[in-house]
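Residue numbers (the numbering used here): 2 to 189.
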């Protein structure tokens, strides 16, 4: 593949103004929103339009970004992947992913995460990626473990929602761990 942002199943791209409906769908599923973050009060359609329009107008920033995940051939909105909390001195960054319910368990999240890891390790000279996952989110824990992430710790009773405190699992993967058994990108 000659495009670093395209895999066999998905393509990662910048946010466009028309993506507002996809982001609204992600936010409206409060069970899924809680698995990834916190449940926010409902927003208007205009709020989602303004949010995506503002982000679509931002210049690219390799240290912190959110990309849309779309199916490679149908160009259907699958979800989003983020990079943030980048520490260039330490070579560390964090990532996260959200996928619409109808696109789960099809390999999209795994491939999108691998595309981001490849970019950050091969192009940005990052050394380590970290993720935080709620301890009850078995699907996300399985995803990251399948990619080679290792549990590094647990923040006990760290987040409060749904009427109780929840643990957060910290996982990480180094560039060397990621490249073990994978082909590095080629210049050809």
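No residue lacks a Cβ here, since even glycine has one placed at the ideal position from N, Cα and C. Just so you know, these numbers come straight off a predicted model, no measurement behind them.
Taking all protein chains shown into account, do 16 or more other C-beta atoms lie within 10 angstroms of the C-beta of residue 122, making it buried, or fewer, making it exposed?
buried
Extent of the continuous beta strand (DSSP E) to which residue 88 belongs:
78-88
Just checking, does the region 43-53 make contact with the region 87-105 on the three C-beta pairs under 8 angstroms criterion?
no
Where in the region 123-177 do unbroken runs of the beta strand (DSSP E), each at least 3 residues long, occur, reported from the N-terminal end onward?
129-135, 151-162 and 165-175
Going by the CB atoms, is the gap between residue 116 and residue 8 shorter than 7 angstroms?
yes
Looking at the unbroken alpha helix (DSSP H) that takes in residue 5, where does it start and where does it end?
No alpha helix (DSSP H) contains residue 5, which DSSP labels as neither H nor E.
Short Cβ contact (7 angstroms threshold) for residue 172 with residue 145
yes
If I'm right that residue 190 touches residue 102 with Cβ under 8 angstroms, what's the distance once you round it to whole angstroms?
Look at the range of the chain in this structure, 2 to 189, and you will see that residue 190 is not part of it.
Whole angstroms is fine: what's the gap from residue 109's alpha carbon to residue 76's?
13 angstroms
Quick one: grab the DSSP three-state call for residue 23.
helix
Where residue 147 falls, given that 16 or more other Cβ within 10 Å makes a residue buried:
exposed
Can you grab the Cα-Cα spacing for the pair residue 180 / residue 31, in whole Å?
36 angstroms
Residue 120 versus residue 27 - alpha carbon distance
25 angstroms
Taking 7 angstroms as the cut-off, decide whether the C-beta atoms of residue 113 and residue 174 are in contact.
no
Residue 20 versus residue 150: straight-line alpha-carbon distance, rounded
30 angstroms
With distances taken from CA atoms, which of 124, 131 and 44 is nearest residue 6?
124
Roughly how many angstroms separate the alpha carbons of residue 118 and residue 132, rounded to a whole number?
12 angstroms
Can the beta-carbon of residue 100 be found closer than 7 angstroms to that of residue 79?
yes
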